[in-house]
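**Q**
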Amino acid sequence: MIKKHQTRDNKRGFTVLEVVVAAAILSVGLIGTATLMIHSINRNKNSGEMALATTMAQKKMEEIRQMAYHGLGSEGSFSIEAFHTIPDNPFFQREVSVSSIPGVSGVKAVTVNVSWKAPYPQSVELKTILSR
């Protein structure tokens, strides 16, 4: 007498092992995607802060260019706007300094520096030379 082996019909669903492996692969992919998104959001925020700081420095530099040469005053820092004193931008500090260029008369170097502290100290610095 010949016995027939009965085979299982595997078309009914997935085994537990297949489900666990699929879940592990999916988890690795999702964790990587989430990490990438968090990094991207932080970089985007940093870019926005950098753009705002650059704009603030450019505005102050334009104000200085509109002044007469003699209106710049003496050498040194003549304008420091500390944190919480710049309207609409309490997290930024802006400093303007004026210095003479050695060996050249009638010329002053102007530096505008805007700094902020989120998440670590950063700054943008613009420099120009003004003459009489």
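Count along the sequence shown from 1, add 3, and you get the number used in the numbering used here. Glycine included, C-beta positions come from ideal geometry on N, C-alpha and C. None of these values were measured; they are calculated from a predicted model.
1. Between residue 130 and residue 75, how many whole angstroms is the CB-CB distance? I'm expecting something under 8 angstroms.
2. To test your reading of the DSSP string, which unbroken alpha helix (DSSP H) runs of 4 or more residues are found completely within the segment 31-69?
3. Indicate the three-state DSSP secondary structure (helix, strand or coil) for residue 107 in the structure shown.
4. Can you tell me the Cα-Cα spacing of residue 53 and residue 22, whole angstroms?
5. Does residue 135 come out as helix, strand or coil in the three-state DSSP assignment?
6. Count the other C-beta atoms from every protein chain shown that fall within 10 angstroms of the C-beta of residue 107, then say buried if there are 16 or more, exposed otherwise.
7. Assign residue 71 to one of three DSSP states: helix, strand, or coil.
8. Go ahead and label residue 37 buried or exposed: buried means 16 or more other beta carbons lie within 10 angstroms of its beta carbon, across all protein chains shown.
9. Are residue 100 and residue 88 touching if we call contact CB-CB under 7 angstroms?
10. For residue 84, list the residues DSSP reports as bridge partners.
11. Tell me which residues share the same chain as residue 94 and place their Cβ nearer than 6 angstroms to its Cβ, disregarding the 5 neighbours each side in the sequence.
12. By DSSP, does residue 27 sit in helix, in strand, or in coil?
13. Who are the Cβ neighbours of residue 72 in its own chain at under 8 angstroms, not counting the five residues just before and after it?
**A** Let me spell this out:
1. Not confirmed; about 14 angstroms, so no contact.
2. none
3. coil
4. 46 angstroms
5. coil
6. exposed
7. coil
8. exposed
9. no
10. 97
11. 119
12. helix
13. 109, 111, 133, 134, 135
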